[in-house]
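>
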Amino acid sequence: MRFDLSALRGDPGRPFNLSQDVDLPVVEWQGEALRVLGPVHVEATAVYQEEGVLLRVSVRARVRRTCSRCLAELVENVAEDGTLEVNPDEIAGAYLELGPFIEAGLRLGLSPKPLCTLGCLGICPECGADLNRERHREGCHGQTKRLDPRLAKLRELLDEPPSER
6 MRFDLSALRG
16 DPGRPFNLSQ
26 DVDLPVVEWQ
36 GEALRVLGPV
46 HVEATAVYQE
56 EGVLLRVSVR
66 ARVRRTCSRC
76 LAELVENVAE
86 DGTLEVNPDE
96 IAGAYLELGP
106 FIEAGLRLGL
116 SPKPLCTLGC
126 LGICPECGAD
136 LNRERHREGC
146 HGQTKRLDPR
156 LAKLRELLDE
166 PPSER
């Protein structure tokens, strides 16, 4: 998917629009190869101006992810809109290729910590049980709240009566 720079330069100020479904089977993100389900729908507008090419890109896709709490598979709907100015001197060749902008839009639209549901309980750090599907396993102490050892001194201060402080 690309814009012809000669057409853009030939009619400054006029918006040129593209709307297309692009095949992008995998997107790399934070060391993980994420599978894109189906085509990525892209709508783009480019306007040639004195300062450069004003580019607006809208990306819509469905991406297979893993829940950050319980590790269940989920499908995330990605929708990202972006606007940027591209210096024509930085464009190699006669075309403005949109591939890098499409991938960047997908990455920006991804949740940093995807969840299968908002109320996901995650996995117990003690017994490894998926708390969305099962209870703590026998002998697990994960049900009792344990104090982070780094906060133990703060707990001591809070437990003291106000007159002793």
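When you read off a place in the sequence shown, starting at 1, and then add 5, the result is the number in this note's numbering. C-beta atoms are modelled at their ideal positions from N, C-alpha and C, and glycine is treated no differently.
#1: Rounded to whole angstroms, what is the Cα-Cα separation between residue 4 and residue 136?
#2: Span of the beta strand (DSSP E) holding residue 73?
#3: Looking only at its own chain, which residues have a Cβ that is under 6 Å from the Cβ of residue 145, when we skip the five neighbours before and after it?
#4: Identify every run of the alpha helix (DSSP H) within the stretch 94-146, keeping only runs that are complete inside it and at least 4 residues long; order them along the chain.
#5: To the nearest whole angstrom, what separates the beta carbons of residue 108 and residue 32, a pair I think is in contact under 8 Å?
#6: Would you mind reading off the limits of the beta strand (DSSP E) that contains residue 9?
#7: Report the rounded CA-to-CA distance for residue 23 versus residue 96, giving the unit in angstroms.
Put simply:
#1: With the chain represented from 6 up to 170, any question about residue 4 goes unanswered, as that position is not in the structure.
#2: Where residue 73 is concerned, there is no enclosing beta strand (DSSP E), given that its DSSP letter is neither H nor E.
#3: Closer than 6 Å at Cβ, skipping near neighbours: 131, 132.
#4: If we require 4 residues or more, the alpha helix (DSSP H) runs fully inside the stretch 94-146 come out as 104-114.
#5: Contact between residue 108 and residue 32 holds, with the beta-carbon distance rounding to 6 Å and staying under 8 Å.
#6: Unbroken beta strand (DSSP E) run through residue 9: 7-9.
#7: Straight-line Cα distance between these residues: approximately 19 Å.
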